[in-house]
Amino acid sequence: MTQKKKTPPSVTEIPQTITLKKQAWFERPNVLALLLAAIAALLYAVTYRNEWALDDIISITMNSFTQKGFAGIPDLLSKDSFYGFVGSASELTGGRWRPLALLSFATEIEIFGWKNGGAEANLQLAHYMHFTNIMLYAAIGFLMFKVIARFMIRNIWSAFAITLLFIVHPIHTEVVANIKSRDELLSWFFLLLTLYLSFKSKSSNNILLMPLSLICFFLALLSKENGVTFIAILPITFYCFSDKNWLKSFLATIPFVVVVLFYIGIRFSVMDFVHKDITEIMNAPYLRATGTEAFATKMFVLGKYLVMLFYPHPLSYDYSFNEIPYKNLLDWQVIMSSIVQLALLIYAFLEIRNKNLIAYGILFYFFSIFIASNLLVDTGAPMAERFVFQASFGFLIALVVLIEKLISKLKLNELNRKVISGLLIVLICIPASLKTYARSQEWIRDKVLFVKDVETCPNSARTNNGAGTSYIFYGDDVKGDSLKKISRYDSAIYFLKKASNIHPTYTDPYLNLGVAYDRKKMIDSAEYFWNKARALQPNHPKLTEFDKVLVSDFLDDAAKVYQKGDTSRAISDFRKATKYAPADPKTWYNLAGIYFTTHHYDSARICFDKTLQLDPNHADAKRALNFMNATHR
Numbered sequence: 001m002t003q004k005k006k007t008p009p010s011v012t013e014i015p016q017t018i019t020l021k022k023q024a025w026f027e028r029p030n031v032l033a034l035l036l037a038a039i040a041a042l043l044y045a046v047t048y049r050n051e052w053a054l055d056d057i058i059s060i061t062m063n064s065f066t067q068k069g070f071a072g073i074p075d076l077l078s079k080d081s082f083y084g085f086v087g088s089a090s091e092l093t094g095g096r097w098r099p100l101a102l103l104s105f106a107t108e109i110e111i112f113g114w115k116n117g118g119a120e121a122n123l124q125l126a127h128y129m130h131f132t133n134i135m136l137y138a139a140i141g142f143l144m145f146k147v148i149a150r151f152m153i154r155n156i157w158s159a160f161a162i163t164l165l166f167i168v169h170p171i172h173t174e175v176v177a178n179i180k181s182r183d184e185l186l187s188w189f190f191l192l193l194t195l196y197l198s199f200k201s202k203s204s205n206n207i208l209l210m211p212l213s214l215i216c217f218f219l220a221l222l223s224k225e226n227g228v229t230f231i232a233i234l235p236i237t238f239y240c241f242s243d244k245n246w247l248k249s250f251l252a253t254i255p256f257v258v259v260v261l262f263y264i265g266i267r268f269s270v271m272d273f274v275h276k277d278i279t280e281i282m283n284a285p286y287l288r289a290t291g292t293e294a295f296a297t298k299m300f301v302l303g304k305y306l307v308m309l310f311y312p313h314p315l316s317y318d319y320s321f322n323e324i325p326y327k328n329l330l331d332w333q334v335i336m337s338s339i340v341q342l343a344l345l346i347y348a349f350l351e352i353r354n355k356n357l358i359a360y361g362i363l364f365y366f367f368s369i370f371i372a373s374n375l376l377v378d379t380g381a382p383m384a385e386r387f388v389f390q391a392s393f394g395f396l397i398a399l400v401v402l403i404e405k406l407i408s409k410l411k412l413n414e415l416n417r418k419v420i421s422g423l424l425i426v427l428i429c430i431p432a433s434l435k436t437y438a439r440s441q442e443w444i445r446d447k448v449l450f451v452k453d454v455e456t457c458p459n460s461a462r463t464n465n466g467a468g469t470s471y472i473f474y475g476d477d478v479k480g481d482s483l484k485k486i487s488r489y490d491s492a493i494y495f496l497k498k499a500s501n502i503h504p505t506y507t508d509p510y511l512n513l514g515v516a517y518d519r520k521k522m523i524d525s526a527e528y529f530w531n532k533a534r535a536l537q538p539n540h541p542k543l544t545e546f547d548k549v550l551v552s553d554f555l556d557d558a559a560k561v562y563q564k565g566d567t568s569r570a571i572s573d574f575r576k577a578t579k580y581a582p583a584d585p586k587t588w589y590n591l592a593g594i595y596f597t598t599h600h601y602d603s604a605r606i607c608f609d610k611t612l613q614l615d616p617n618h619a620d621a622k623r624a625l626n627f628m629n630a631t632h633r
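Structure representation (structure tokens):
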């Protein structure tokens, strides 16, 4: 005997005693999503007045392709993302092909224009670009809430808490406040849109949305290669938040795998994958580490990321050599980091089969951070706050769900539990928002950022070099007060010498030390440090410019000391001038003149001859040489 299959009751069969609670206006998903977008926009509105900073020089202000506007699009699509800046394939490890953000910059330049005069002449454009970043971040807040509330946790206040914590988290300031980091914003925006359209396609039985989801995924990959991690994230997402079993979840991921393969094929056709040995530790952070030291240090950094997600203070734009010294496997911080992360992974892999949300958040975090962990491929940086932008989503899911689970164990009624949860989120968000607001203002321009962050990372060669360079500019800004100006230059010298002590083969501090000493009119010291840079990097493009400065300085000094009767010093200055301008006939003529005046006739004749070699039509040199030949044979 077969039992008749029960069917769900129709609406008319619902007992009359049941009433549907009307949803308050402030509980409507669209209202909350717009509120979150507004919070994101208001929190970062201060960055609208920010200027260019940090790597904007690579992507915008000195990128020849971006500055062409639409005319640069073919090059932006067909070459390494740094090609327009360095003029050749990028020498950084990993290679960069992230055309979408650069295309957005080129579009803004096409619309608003690029004025001659460099970065300073285009500050209004910087403001427009910051506005775009703000709006993108607001859109991310809106979309993130919709994805979580509608397709994932489906608890509107949990979704609100996760999204709000993401929006206000201070570790995201680099991504929003630095225009160049739009690649992170675009990548995450399109990944969220990928999830939304994929879930929407299933829930609405609209198969046409699936191709749109795949297109969004491809756009995420074109923004930044982070999207590749979604090949691991999507199966567990489909499994946890749909009725699919593991097999169906993996099968549902196959179209996305095809997109990744298509992307990799294009990337290989664009990128120069010829192996290059990187010999500069600033671009290869584990260059000098043994295998065990490299692994231990990477585990330490992964632990530091977790700490900073809980307590994001202090923050820095740089953590490069030697802010994080190499660690060993017996270092207690490495051991603790390894234990914690191993425990989290074990828990996550054991519980994910039960569709445990904490397990999902943990796996989302680890899969996202893996590509930037240096465990597989060196990224060129040991650590960066932007590397946890996407990963923090998983961290916050796990955190909010954990908080709710702990509060649910309290012997309180539902209302009190909600009040406690809300108060706790508010207590977290207020200081986080204040920190985010303050940090956003520190990104206003390089000078402010560099001087601030050398306090946070005092052992980084790059932060010390940046601070030293900033103090040179601060000295240049001083009008009239010579003591204050000299004090700024002395501060520059302090930080630049510290940078060179940390990393003795780092060229930039020596170049900048030369500039600082030149500003102080200490020509010999400027020459010394520029020549130290020359010994490390003989073909550095800045040296040609600095050689011209030295020639001018030595000629000026020669004129001054000659007037005081110090002909020996004047001759020395003129000789140095010819050293740095060996093809300048005027300099050789001046040296010949002082040799003649001081009765060094043989030397004078040699210098007059050299002048005529360089400029056969130099009339004064001809007359002088004829006179010498007639009177001083």
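First residue of the sequence shown? That's 1 in the working numbering, and the numbers climb one at a time after it. The C-beta atom is built at its ideal place from N, Cα and C for all residues, glycine as well.
Candidates the options, of which the one nearest residue i by Cα
i    : options                   : result
G468 : P74, L193, A53 and N512   : N512
I153 : K180, Y360, I339 and T279 : Y360
P211 : Y365, A438, V259 and V270 : V259
N465 : L483, A106, D446 and S482 : D446
I171 : I140, L309, D80 and L350  : L309
K576 : Y517, S433, L550 and T290 : L550
T163 : V451, A621, W530 and V400 : V400
V340 : S368, P314 and Y305       : Y305
T456 : Y517, I324 and P538       : I324
F85  : A71, M62 and S78          : M62
G380 : S64, A516, Y474 and D277  : D277
G72  : E351, N590, E108 and D524 : E108
A461 : H503, W443, I472 and D481 : H503
F389 : K484, A581, L625 and Y137 : Y137
D553 : D518, N539 and D566       : D518
N133 : A33, D602 and A40         : A40
Contact check, residue i vs residue j, beta carbons under 8 Å
i    : j    : result
K327 : A296 : yes
F131 : Y48  : yes
V334 : M299 : yes
K636 : D56  : Outside the displayed range of the chain (1 to 633) lies residue 636, so it cannot be described from this structure.
I156 : E27  : yes
L614 : A583 : yes
L102 : S59  : yes
Buried or exposed by the 16-neighbour rule on C-beta atoms within 10 Å, applied to residue i
i    : result
M144 : buried
F142 : buried
P431 : exposed
Q124 : exposed
L434 : exposed
W246 : exposed
F241 : buried
A149 : buried
E404 : buried
K115 : exposed
S90  : In this prediction, S90 scores a pLDDT of 46, lower than 50, which makes its location untrustworthy; the coordinate-derived value is nonetheless stated afterwards. The residue is buried, with at least 16 neighbouring Cβ atoms inside 10 Å.
Coarse secondary structure for residue i, derived from DSSP in three states
i    : result
G480 : coil
S572 : helix
L375 : coil
Y128 : helix
N629 : helix
P9   : Because P9 carries a pLDDT of 39, less than 50, the predicted location of this residue cannot be relied on, and no value is offered for it.
P314 : coil
K248 : helix
R605 : helix
L165 : helix
R462 : helix
M62  : coil
Y305 : helix
R49  : helix
The ligand ATP heavy atom lying under 7 Å from the CB of residue i
i    : result
I324 : The ligand content of the structure shown is nil, which means the ligand ATP is not present either.
Cut-off 6 Å between Cβ atoms - residues of its own chain near residue i, not counting five sequence neighbours on either side
i    : result
K610 : W588
T173 : T436, R439 and S440
A535 : none
P509 : N465, L496, A499 and S500
I425 : A161
Close beta carbons around residue i, own chain, < 7 Å, minus the five adjacent residues each side
i    : result
K248 : none
I486 : K520
Contacts around residue i, its chain only, beta-carbon distance under 8 Å, and the 5 residues preceding and following it disregarded
i    : result
S392 : F166, H169, I171, H172, L309 and Y365
L98  : The identity of residue 98 in the sequence shown is Arg, whereas the question assumes Leu. S81, D183, L222, S223, K224 and E225, listed in sequence order.
A630 : none
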